[in-house]
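*Asks:* Attaching a single structure in structure tokens format; questions to follow.
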């Protein structure tokens, strides 16, 4: 028996020749050596199986005539047809219909070789020297002649395009045949083909050509040592009993690589050798490129199928009928193809690679599911596992849903399971995407379960080496989640390695989500529980537009970002209208933006807009790299946390230009126990650029401690706390004397020294969380205290005091008001100042001084009262500091703030433990407008009747608020919430889900998105998801006039117009280069104007708006490069300002 050894394929170029009846006087060359290493390079695994697709091998025919152009094929249609269809066609038919081996063999019979030859082109030459080549042993220079022809007619011939991507066959006049080597893909020579054509014989030339091409594809003569144990030794008989002189020729070989008349059989070993070399060897160059989607491959045998070899797929790869495919090697997908995993079937990529070698992109992997079935029910969901160093690259996405022919998801097909562990996802444009799905216990559907999908310990990479970069495709996201529940993301790295010169807004997003609850936290490299700190493997996010960008639309989704590292991202974590998010124990290394803080920068650790219920705790923020000292970066930006607010607690800020910035509406935002460390870049520890920020800390209140932030020392100006307003105290900061900030905007920030208060110990909420029962008890205790404190305002009976003012004698009015002082409300003070029969000036002085300093509204009313100059002077002297009523109101506000923060914590814990009903009970019992508003996103998908009731109750309370306080911002906020959830409710009622928007839906959502406030962010997020629209966001500018006065930020709309006039102001694209379009909608019968300014406030251009709908093209060469602002005015009144950026 022949000895079999498998070694690495050695590409050699050695002559093989065949005489007359294919006898060869040459000795066989050294056989090809086959690898015994990893299975992917082990040729026996390349034997064709039921899933092997036919390889089409490109050949080029070169007809060498004599000098007179005779004695060989002519360039006529009939002779071309004989070459292509008769000779090559017969060769291919035999390869499709191989016969069993005549001689005994261990090989299984394989009928179809899965090899076909395709004629690329036929060329004609005149050269008697080459034509007369004798290919037998008498011509020792035959190999040299073959190389000479190859060099002359191929290598140095400009008309030959496929020089190295085709086997070039020279048809000459000599006898026999010769290949350039085994394996060798350059050339083969065959003789006497034309003579057989003249005799009507196509089968002999076809047989000879099969034999020679077998050499090209790595086979040697099978009677020799060919490294194939299934090709038996034999006496080399030509045919049955031929030659007659050999008594051992009763049964001849019919193997294609022997000298015999049949040449119509191949063994497993021979076939695997050729397929291996055509897949992973240099032979792959002559295989016609599988770059277009032609023939789908379907795995449907219901079994587990493991591929230990590499494969080129010629179309879509479809796995169905509860089948499993395991890929351990490389699989090459053609352009625009996809892998489809049907429900109940599974794909496991175990250390393998799926990619595209055509310099294009394949569509990706589609894991189909059933949105209404449990992932625990067999056969209902497709399943994808990627593990053990596997790689997926050069595709558009991996998604857990079915897509239609237009590339749109089919609603209802979500739920497929994707588990990725210790693998590489590289140059995949949209990464891994999941759609709406809630897993559940199939035995009890009311028991909700986390999704079985997870993404752990992987590398996500975009770089310049893949097909994306070559095609100019910009990355979108590494992971996308939409209304998913509990998908764990642990220990991954997310990195954009594209050239650093690319602008950040083109660098993609690590994780992008819409109404999804998920956790991003470290994995553990140890089996010890709990995990030792040294074994934590954090997720890392580097050089991205957003590390994490979470959107809230209409539901409640719990997001936890814990213990990760964010480096050199434009935004580390972006929270857009999310609810009850925790960003804790992360490290943010923030670059420096070239945009100055006076314009509003975009290098931010945590950027939150329209979000509420969050806690940002125990994070580290530092500046990364270098940048202009005039630039900007920010630790935390809190914009529009609205009624429910949030908590920024025990964070450390190191050498940031702006550590913390709050803008717009933040009446329930607490910033406490943070450490603001100084550095050469530090400009502001806390900056308030617009709207209201909750007062911080309280004195002499047992349940509320003084604030305890550690501010930068040695400061000047308003470096510790900057406030935009002018004239009156807008923020009360209560702390122990040692903890008071030294440099604040005065008098807008009032430092209240808490001399006798209990120190704030700043305990860790993470290490020592408060139990839910204790939270509820504390909430109830605070509610009682608030009720008692409110009894001091107007002596607990405002209506009695108002009645006394209107009906009692002046002396008695004075006594009643002084008895209720110093806690008289503005309404009572203004009522007595406007009394038709005024109180004496002395009485007015007593009452006003007792309640001083009074608010601006009271001052304005007082200015209209006739008072002697002396008394007015005494009153003015008292208008300093902070009033007793403001101290009391601050105490009440701090208790209500603390209650709101405890409610937020309670709800976060309920969501973590899937106790949603307990969260609903707490909010139901609260009975506040903010509680009802918080209930809407929790109940809207399951109880439309309750949703209707809540919206109705909130609208009723809006009317009451406006009756008491016209133009109240809280009323406007609540009204916008109702408008948005009315739209969501109508959509769910009509279609069953808040999904694809109709034209009417879109119009309504756009109207909400065009307004100001937190709810506008929800509407903008809906347009982002369903319409692909993106708004570039920035921190609000910190603007100082030349005399250092603060300015009301332009993003706060005129309060009166806001509630009564609908308008729209946008521009696209933004950023832009050549031009951008300003789009403005104003009410009919109004006049409008857009004013464009630079960052210094210098006016550049004015545009009159003559129609209700206006579009104006603004050319970049009219502006220059940089940051600009455009402001909308209606009927001469300022409405809104937005930013636009022109880039190079």
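In the working numbering, the protein residues as written are 35 to 1178. Glycine included, every Cβ here is placed at the ideal spot set by N, Cα and C.
1) What do you reckon, are the CB atoms on residue 462 and residue 454 nearer than 8 angstroms?
2) Under a Cβ-count criterion, where at least 16 other Cβ atoms within 10 Å of its own Cβ denotes burial, should residue 412 be classed as buried or exposed?
3) What are the boundary residues of the alpha helix (DSSP H) that residue 565 is part of?
4) Find out if the Cβ-Cβ distance for the pair residue 687, residue 649 is shorter than 8 angstroms.
5) Determine, using beta carbons only, whether residue 634 and residue 669 come nearer to each other than 8 angstroms.
6) Comparing alpha-carbon positions, which option in 531, 616 and 88 lies nearest residue 602?
7) For residue 300 versus residue 252, is the C-beta spacing smaller than 8 angstroms?
8) My understanding is that residue 1124 touches residue 1161, with C-beta atoms under 8 angstroms, so please give their C-beta distance in whole angstroms.
9) Are residue 674 and residue 706 close, meaning C-beta to C-beta below 8 angstroms?
10) Cα-Cα, which of 576, 1071 and 389 is closest to residue 624?
11) Less than 8 angstroms between the CB atoms is what I'm expecting for residue 978 and residue 1022, so what's the real figure, rounded?
12) May I have the straight-line CA-CA distance separating residue 1139 from residue 1121, to the nearest angstrom?
13) Comparing C-alpha positions only, which one of 1048, 1042 and 145 sits nearest to residue 1097?
14) Does DSSP put residue 71 in a helix, in a strand, or in coil?
15) Taking only three categories from DSSP, how would you classify residue 207?
16) If you draw a straight line from the alpha carbon of residue 137 to that of residue 236, how long is it in whole angstroms?
17) Would you kindly check if the distance between the Cβ of residue 200 and the Cβ of residue 154 is under 8 angstroms?
18) For residue 792, which residues from the same chain have a beta carbon less than 6 angstroms from its beta carbon, with the 5 sequence-adjacent residues on both sides left out?
19) Between 754, 724, 820 and 753, which has its C-alpha nearest residue 736's C-alpha?
20) For residue 593 and residue 423, I'd like the C-alpha separation in whole angstroms.
21) When you compare only the Cα positions, how much space is there between residue 938 and residue 486?
22) What are the boundary residues of the alpha helix (DSSP H) that residue 475 is part of?
23) Please determine if the segment 278-286 and the segment 304-318 are in contact, where contact requires at least 3 C-beta pairs separated by less than 8 angstroms.
24) Please return the same chain residues whose Cβ sits closer than 6 angstroms to the Cβ of residue 383, not counting the five positions on each side in sequence.
25) To the nearest angstrom, report how far apart residue 1163 and residue 1152 are at their CA atoms.
26) Residue 85 to residue 436, Cα distance in whole Å?
27) Could you give the C-beta distance for residue 897 and residue 862, rounded to a whole number, given that I count them as a contact under 8 angstroms?
28) Within 8 angstroms, do at least three Cβ pairs link the segment 131-147 to the segment 81-97?
29) Determine the contact status of residue 657 and residue 626, defining contact as a CB-CB distance below 8 angstroms.
30) Tell me whether the segment 317-327 and the segment 367-374 touch, counting them as touching only if at least three CB pairs, one residue from each stretch, are closer than 8 angstroms.
31) At what residue ranges does the segment 1094-1172 contain a whole run of the beta strand (DSSP E), taking only runs of 3 or more?
32) Would you list the one or two residues that DSSP bridges to residue 720?
33) Is it true that the segment 284-298 meets the segment 125-137, where meeting means three or more beta-carbon pairs spaced less than 8 angstroms apart?
34) Roughly how many angstroms separate the alpha carbons of residue 106 and residue 207, rounded to a whole number?
35) Smallest Cα separation from residue 921: which of 803, 857 and 943?
36) Report, in whole angstroms, the separation of the C-beta atoms of residue 881 and residue 912, which I expect to be a contact under 8 angstroms.
*Replies:* From the atom records:
1) In terms of Cβ geometry, residue 462 and residue 454 do not form a close pair [threshold 8 angstroms].
2) Counting every other CB atom within 10 Å of its CB across the protein chains shown gives residue 412 a total below 16, marking it as exposed.
3) Per DSSP, residue 565 belongs to no alpha helix (DSSP H) and is neither H nor E.
4) no
5) no
6) 531
7) no
8) 7 angstroms
9) Not in contact: residue 674 and residue 706 (Cβ atoms no closer than 8 angstroms).
10) Distance check between residue 624 and each of 576, 1071 and 389 places 576 closest, using alpha-carbon atoms only.
11) 7 angstroms
12) 7 angstroms
13) 1042
14) For residue 71, the pLDDT reaches just 42, beneath the cut-off of 50, and the residue's location in the model is therefore unreliable, although a value from the coordinates is still provided. If DSSP states are grouped into helix, strand and coil, residue 71 belongs with coil.
15) The answer is coil: DSSP assigns residue 207 none of H, G, I, E or B.
16) Distance from the CA atom of residue 137 to the CA atom of residue 236, rounded to whole angstroms, is 26 angstroms.
17) yes
18) none
19) 820
20) 28 angstroms
21) 28 angstroms
22) Residue 475 -> not in any alpha helix (DSSP H); beta strand (DSSP E) instead, spanning 473-475.
23) no
24) 361, 420 and 424
25) 21 angstroms
26) Between residue 85 and residue 436, the C-alpha separation is close to 24 angstroms.
27) So it is not a contact: roughly 18 angstroms between Cβ atoms.
28) yes
29) yes
30) For the pair of segments examined, the segment 317-327 was found to touch the segment 367-374: the number of CB pairs separated by less than 8 angstroms reaches three.
31) Given a length threshold of 3 residues, each whole run of the beta strand (DSSP E) inside the segment 1094-1172 is given here in chain order: 1098-1102, 1109-1115, 1122-1128, 1133-1139, 1143-1149 and 1156-1164.
32) 694 and 755
33) yes
34) Rounded to whole angstroms, residue 106 to residue 207 spans 7 angstroms at the Cα level.
35) Checked all of 803, 857 and 943; the closest Cα to residue 921 is 857.
36) Contact doesn't hold; Cβ gap of about 11 angstroms is too wide.
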